[in-house]
Amino acid sequence: MRREWDLDDLIASWTLVDADQELLSQLHGRSRLSCALMLKFFEIDGRFPRHVGEVPPAAVDYVARQLGLAGDDPVRFEVTGRSAERYRTQIRDAFGFRVFTRGDEDKMTAWLAEQVCPSELNEDRQREAVLARCRAEKLEPPGRMDRIVGAANRIADGRFCEVTVSRLPADVVAALWAVLGDENDTIDDGEAADGPDDAERGFFSELKADPGRLGLETLLAEIVKLRRVRAIGLPADLFTDVAEKRIARWRARAAAEYPSTLRRDHPPEVSLTLLAVLCWCRQAELTDSLVELFIDLVRVINTRAERRVEREQIAEFRRVGDKENVLFKLAGVSMAHPDGVVRDVVYPAVGEDTLRNLVAEAKATESRRRQRVRTVLASSYSHHYRTMLPKLLDALEFRCNNTAYRPVMDALAVLHRYKDRDGRLTHYERADRVPLDGVVRAEWRPAVVDERGRVERVPYELCTLQALRDALRRREIWVVGARAWRNPEADLPVDFDLHRDMHYTAIAQPTDPTEFVTALRTRLDASLARWAQAMRTGTAGTTIGTRKGQVWISVSKQPAQPVPANLDALKDEVIRRGGRCCPGVRAAPPSTGGSSAGVRRRR
0 MRREWDLDDL IASWTLVDAD QELLSQLHGR SRLSCALMLK FFEIDGRFPR
50 HVGEVPPAAV DYVARQLGLA GDDPVRFEVT GRSAERYRTQ IRDAFGFRVF
100 TRGDEDKMTA WLAEQVCPSE LNEDRQREAV LARCRAEKLE PPGRMDRIVG
150 AANRIADGRF CEVTVSRLPA DVVAALWAVL GDENDTIDDG EAADGPDDAE
200 RGFFSELKAD PGRLGLETLL AEIVKLRRVR AIGLPADLFT DVAEKRIARW
250 RARAAAEYPS TLRRDHPPEV SLTLLAVLCW CRQAELTDSL VELFIDLVRV
300 INTRAERRVE REQIAEFRRV GDKENVLFKL AGVSMAHPDG VVRDVVYPAV
350 GEDTLRNLVA EAKATESRRR QRVRTVLASS YSHHYRTMLP KLLDALEFRC
400 NNTAYRPVMD ALAVLHRYKD RDGRLTHYER ADRVPLDGVV RAEWRPAVVD
450 ERGRVERVPY ELCTLQALRD ALRRREIWVV GARAWRNPEA DLPVDFDLHR
500 DMHYTAIAQP TDPTEFVTAL RTRLDASLAR WAQAMRTGTA GTTIGTRKGQ
550 VWISVSKQPA QPVPANLDAL KDEVIRRGGR CCPGVRAAPP STGGSSAGVR
600 RRR
């Protein structure tokens, strides 16, 4: 029951109608008030208050005034005791409700375990579902709600384990147990004993580990890890009908386990389910991490080439003295005559022909710069990063839902056909259809297609990887087995149609699209109106100008936030309880501003 009520809500919900007055006609004084409050509380919430504190004070005063009991003294009432039990019976009879029995508890537990718990794991929402079910069946809500919810969750977990184990073939079960390694070779708390098979026994810990720093070696290591997980052979439809919330909860539970606890502390079906969920989730997570590593790696390859060429150009520019002098002259005359005309001020100082020649040279320099970037990029890729291409194409399966225009997918098919060819084969065969439009950008055409019309492999592979990166980021291409980079048509939960209302409630959005659009438009119009008013009064903290010929809105920097009052005290208490976290680390002096880390490494 909510605590805050305005007058309109009190009138709509807590007003005593004729039927209520008839039920209260045989009571007097405080007994009448107690029964009236219990009556209206039950009508609104579908249950009786457990104590007087659950009844909103505003509702108490409003009902007391209707009964002529409001005065200077605090209004007193009761919702427990022998009289309250008699009121409960009368109210239940008036609304056609009955007491919740043990048989109802078993039925409610079975219904909750079958219909709600498989897709909704939040216990508060499970309780709301029980209350709604009780109201629909005209049952007074049970007093042992936690027991019903707990029993239903245990039943749902047991069924989940049974179904999961029943879907696992015998060879997959053996492979899952093998993930834990040899029981005799593993000591408690997941620490592997020393020996020649440490790498094999440590696959469970390796499986839970996140990828290392960005680089080609990390990408190749993740590919190997993904192959080992796929080799377990989990069925493709193992968890297709299971809610993602349940998978996420069991995955978090499995990540906190050790091999010894999985063998010792759980029944075999629970341990197998935990292992299956962990491997299933890690298979999708490793696929996602591979895609993300690939996207970042392509960006790094391009960025490093650009930076290398920029450094070379800066060094070359510094060696040419004439350009520097021209720049100084331009700056000097511009500062001396800021309002002057270019033809009258700049041309006499530098010369129109000189400026025209500089522009032409700059254009030529830009062309050479792009050519140099392509050369550096191709060299870096062919000598180091190219080894990732065949392994990446074997590890990831790319798909596209567009059946009409698929240039990147066609380019990937070409790369697949040539991934095992000798690297010394520099050009594609003329008989192969190598797509260029939609894959190779205009500035890369001279580097990809030679003067004889042949397509060179290395620059074309670079263009294809860049096009693939862009297509993945805009979700035009998706990856089989991924989660974050999966098919966009599978983004909705598997039980969305079955529990549509529950999912909309979880994100606090209406099911009616018109209501959603109207509310969104209202908020947007109100925000724009407030921003426009702030711009007129100069309090918006933003400025509007132009940048590169386009309108540009600049937001001023926010002032530094004040240091929380208890931050230093919290740091001192952490240090007092835990001491130094490691050798060479000591407490920092009390900060005078900012958000210092609290500890600093001794030099």
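Per numbering that gives the first Met the number 0, residue 0 is the first one in the sequence shown, and the count goes up by one each step. Glycine is no exception: its CB is placed at the ideal position from the N, C-alpha and C atoms. Bear in mind the structure is a predicted one, so any value in this text is a computation, not a measurement.
In three-state DSSP terms, what is Thr-425?
Against the sequence shown, residue 425 aligns to sequence position 426. The answer is coil: DSSP assigns Thr-425 none of H, G, I, E or B.
For a test of the three-state rule: what should DSSP assign to Asp-187, helix, strand or coil?
The residue labelled residue 187 in the question sits at position 188 within the sequence shown. Any answer about Asp-187 is weak, because its pLDDT of 42 lies below 50 and its placement is not dependable; what the coordinates show is given next. Helix, per DSSP.
I think Leu-32 touches Leu-68, with their Cβ atoms under 8 angstroms apart; what is that distance to the nearest whole Å?
The residue you call residue 32 lines up with position 33 of the sequence shown. The residue you call residue 68 lines up with position 69 of the sequence shown. With a Cβ gap of about 6 angstroms, Leu-32 and Leu-68 count as contacting.
Arg-369 to Arg-485, Cα distance in whole Å?
In the sequence shown, the residue the question calls residue 369 occupies position 370. In the sequence shown, the residue the question calls residue 485 occupies position 486. Cα to Cα, Arg-369 sits roughly 35 angstroms from Arg-485.
Quick one: what's got a C-beta closer than 6 angstroms to Thr-607's C-beta in the same chain, skipping five residues either side?
Not covered by the structure: residue 607. The range shown for the chain is 0 to 602.
Using DSSP's beta-bridge definition, name the partner residues of Gln-549.
For the purposes of this step, residue 549 is taken as the residue at position 550 of the sequence shown. Answer is Arg-546.
Starting from the N-terminal side, write out each stretch of the beta strand (DSSP E) that is 3 residues or longer and does not extend beyond the stretch 428-491.
Counting whole runs of 3 or more residues, the stretch 428-491 contains the beta strand (DSSP E) stretches 476-478.
Skipping 5 residues on each side, what residues in its chain have a beta carbon closer than 8 angstroms to that of Leu-273?
Locating residue 273 in the sequence shown gives position 274, counting from the first residue. So the list reads Trp-249, Arg-252, Ala-253, Glu-256, Leu-261 and His-265, once near-sequence residues are dropped.
Distance, Cα to Cα, Leu-497 vs Gly-142?
Sequence index remark: in the sequence shown, residue 497 carries index 498 (1-based). Sequence index remark: in the sequence shown, residue 142 carries index 143 (1-based). Spanning the two alpha carbons is a distance of roughly 29 angstroms.
Are there 16 or more other CB atoms within 10 angstroms of the CB of Asp-17, so buried, or fewer, so exposed?
By 1-based counting over the sequence shown, the position of residue 17 is 18. Asp-17 comes out exposed.
According to DSSP, is Val-319 helix, strand or coil?
Translated into the one-based positions of the sequence shown, residue 319 becomes position 320. Caution applies to Val-319, whose pLDDT of 45 falls short of 50 and renders its modelled position unreliable; the value that the coordinates give is listed next. In the structure shown, Val-319 sits in coil (DSSP, three-state: anything other than H, G, I, E or B).
For Phe-238 versus Trp-176, is the C-beta spacing smaller than 7 angstroms?
Here residue 238 refers to the residue found at position 239 of the sequence shown. Here residue 176 refers to the residue found at position 177 of the sequence shown. Cβ atoms of Phe-238 and Trp-176: not closer than 7 angstroms.
Cys-116 by DSSP, collapsed to three states: which one?
Indexing the sequence shown from 1 puts residue 116 at position 117. Three-state DSSP puts Cys-116 in coil, outside helix and strand.
Cutting at 6 angstroms between CB atoms, please list the residues of its own chain near Ala-466, excluding the five before and the five after it.
As a working note, residue 466 is residue 467 in the sequence shown. For Ala-466, where only same-chain residues beyond five positions count, the Cβ hits under 6 angstroms are Val-407 and Val-438.
Alpha carbon to alpha carbon, how far is Met-387 from Asp-287? Give it in angstroms, no decimals.
Position 288 of the sequence shown, counted from the first residue, corresponds to residue 287. Position 388 of the sequence shown, counted from the first residue, corresponds to residue 387. Their backbone Cα atoms lie some 16 angstroms apart in a straight line.
For Arg-373, collect the residues of the same chain with a Cβ closer than 6 angstroms to its Cβ; drop the 5 residues on either side in sequence, then sort them by chain order.
Taking the first residue of the sequence shown as 1, we reach residue 373 at position 374. Cβ neighbours of Arg-373 beyond the five flanking positions: Ala-446.
Rounded to the nearest angstrom, what separates Leu-225 and Val-129 at their Cα positions?
What you label residue 225 is simply residue 226 of the sequence shown in a count that begins at 1. What you label residue 129 is simply residue 130 of the sequence shown in a count that begins at 1. Whole-angstrom Cα-Cα distance: 43 angstroms.
What whole-angstrom Cβ distance do Thr-510 and Asp-500 have, given they're in contact under 8 angstroms?
On the sequence shown, residue 510 is found 511 positions in, with the first residue counted as 1. On the sequence shown, residue 500 is found 501 positions in, with the first residue counted as 1. Contact holds; Cβ gap of about 7 angstroms.
State the start and end residues of the unbroken beta strand (DSSP E) segment that holds Arg-610.
With the chain represented from 0 up to 602, any question about residue 610 goes unanswered, as that position is not in the structure.
Which residues mark the beginning and the end of the alpha helix (DSSP H) in which Gln-125 is found?
Taking the first residue of the sequence shown as 1, we reach residue 125 at position 126. Where Gln-125 is concerned, the enclosing alpha helix (DSSP H) stretches over 122-135.
Please report the Cβ distance between Ala-83 and Leu-22, rounded to the nearest whole angstrom; I am assuming they are in contact, meaning their Cβ atoms lie under 8 angstroms.
Taking the first residue of the sequence shown as position 1, residue 83 is located at position 84. Taking the first residue of the sequence shown as position 1, residue 22 is located at position 23. That pair is no contact at about 15 angstroms.
Roughly how many angstroms lie between the CA atoms of Thr-517 and Asp-524, to the nearest whole one?
Taking the sequence shown and counting its residues from 1, the one referred to as residue 517 is at position 518. Taking the sequence shown and counting its residues from 1, the one referred to as residue 524 is at position 525. Computed Cα separation, rounded: 10 angstroms.
Less than 6 angstroms between C-beta atoms, sequence neighbours within five positions excluded: which residues of the same chain meet that for Arg-371?
Looking up residue 371 in the sequence shown gives position 372. Once the five neighbours on either side are set aside, the close Cβ partners of Arg-371 are Val-308.
What's the gap between the Cα of Thr-163 and the Cα of Pro-487?
For this step, residue 163 is matched to residue 164 along the sequence shown. For this step, residue 487 is matched to residue 488 along the sequence shown. Distance between the alpha carbons of Thr-163 and Pro-487: 26 angstroms.
Please tell me whether Pro-258 and Leu-179 are closer than 7 angstroms, where the distance is taken between their beta carbons.
Locating residue 258 in the sequence shown gives position 259, counting from the first residue. Locating residue 179 in the sequence shown gives position 180, counting from the first residue. Yes, Cβ-Cβ distance for Pro-258 and Leu-179 is below 7 angstroms.
In whole angstroms, what separates the C-alpha of Val-325 from that of Leu-354?
Residue numbering aside, residue 325 sits at position 326 when the sequence shown is read from its first letter. Residue numbering aside, residue 354 sits at position 355 when the sequence shown is read from its first letter. If you take the alpha carbons of Val-325 and Leu-354, they lie about 9 angstroms apart.
Could you check which residue in Arg-97, Arg-166, Met-334 and Arg-124 has the C-alpha nearest to that of Arg-134?
Counted from its first residue, the sequence shown places residue 134 at position 135. Taking only the C-alpha atoms, the option nearest Arg-134 is Arg-97.
Give me the Cα-Cα distance between Asp-145 and Phe-76, rounded to the nearest whole angstrom.
On the sequence shown, residue 145 is found 146 positions in, with the first residue counted as 1. On the sequence shown, residue 76 is found 77 positions in, with the first residue counted as 1. Cα-Cα distance, rounded: 28 angstroms.
For the candidate residues Tyr-427, Asp-44, Asn-401 and Asp-431, whose alpha-carbon lies nearest to that of Pro-458?
Residue mapping note: residue 458 aligns to position 459 of the sequence shown, counting from 1. Looking at the Cα atoms, Tyr-427 is the closest of the given residues.
Kindly indicate which residue of Trp-477, Leu-15, Gly-214 and Thr-542 has the alpha-carbon position closest to the one of Trp-551.
By one-based count along the sequence shown, residue 551 stands at place 552. Closest option to Trp-551, Cα to Cα, is Thr-542.
Looking only at its own chain, which residues have a Cβ that is under 6 angstroms from the Cβ of Phe-41, when we skip the five neighbours before and after it?
By one-based count along the sequence shown, residue 41 stands at place 42. So the list reads Phe-47 and Ile-90, once near-sequence residues are dropped.
Closest to Ala-150 by C-alpha separation, out of Ala-131, Glu-127, Arg-132 and Met-107, would be which residue?
Numbered from 1 along the sequence shown, position 151 holds the residue referred to as residue 150. Selected option, being the one with the closest Cα: Met-107.
Do Ile-222 and Ala-174 count as a contact pair if the criterion is CB distance below 7 angstroms?
Translated into positions along the sequence shown, residue 174 becomes position 175. Translated into positions along the sequence shown, residue 222 becomes position 223. No, these two residues do not count as a Cβ contact at 7 angstroms.
Please report the distance separating the alpha-carbon of Asp-494 from that of Asp-240.
Here residue 494 is taken as the residue at index 495 of the sequence shown, counted from 1. Here residue 240 is taken as the residue at index 241 of the sequence shown, counted from 1. Cα to Cα, the separation comes out at about 8 angstroms.
Per DSSP, what kind of secondary structure is Thr-353 in: helix, strand or coil?
Here residue 353 refers to the residue found at position 354 when the sequence shown is read from its first residue. Looking at Thr-353 - three-state DSSP - the assignment turns out to be helix.
Could you round the C-beta distance between Asp-44 and Met-0 to whole angstroms and report it? I think they count as a contact, below 8 angstroms.
Working through the sequence shown from its first residue, we reach residue 44 at position 45. Working through the sequence shown from its first residue, we reach residue 0 at position 1. At roughly 5 angstroms, the Cβ-Cβ gap stays under 8 angstroms, so Asp-44 and Met-0 are in contact.
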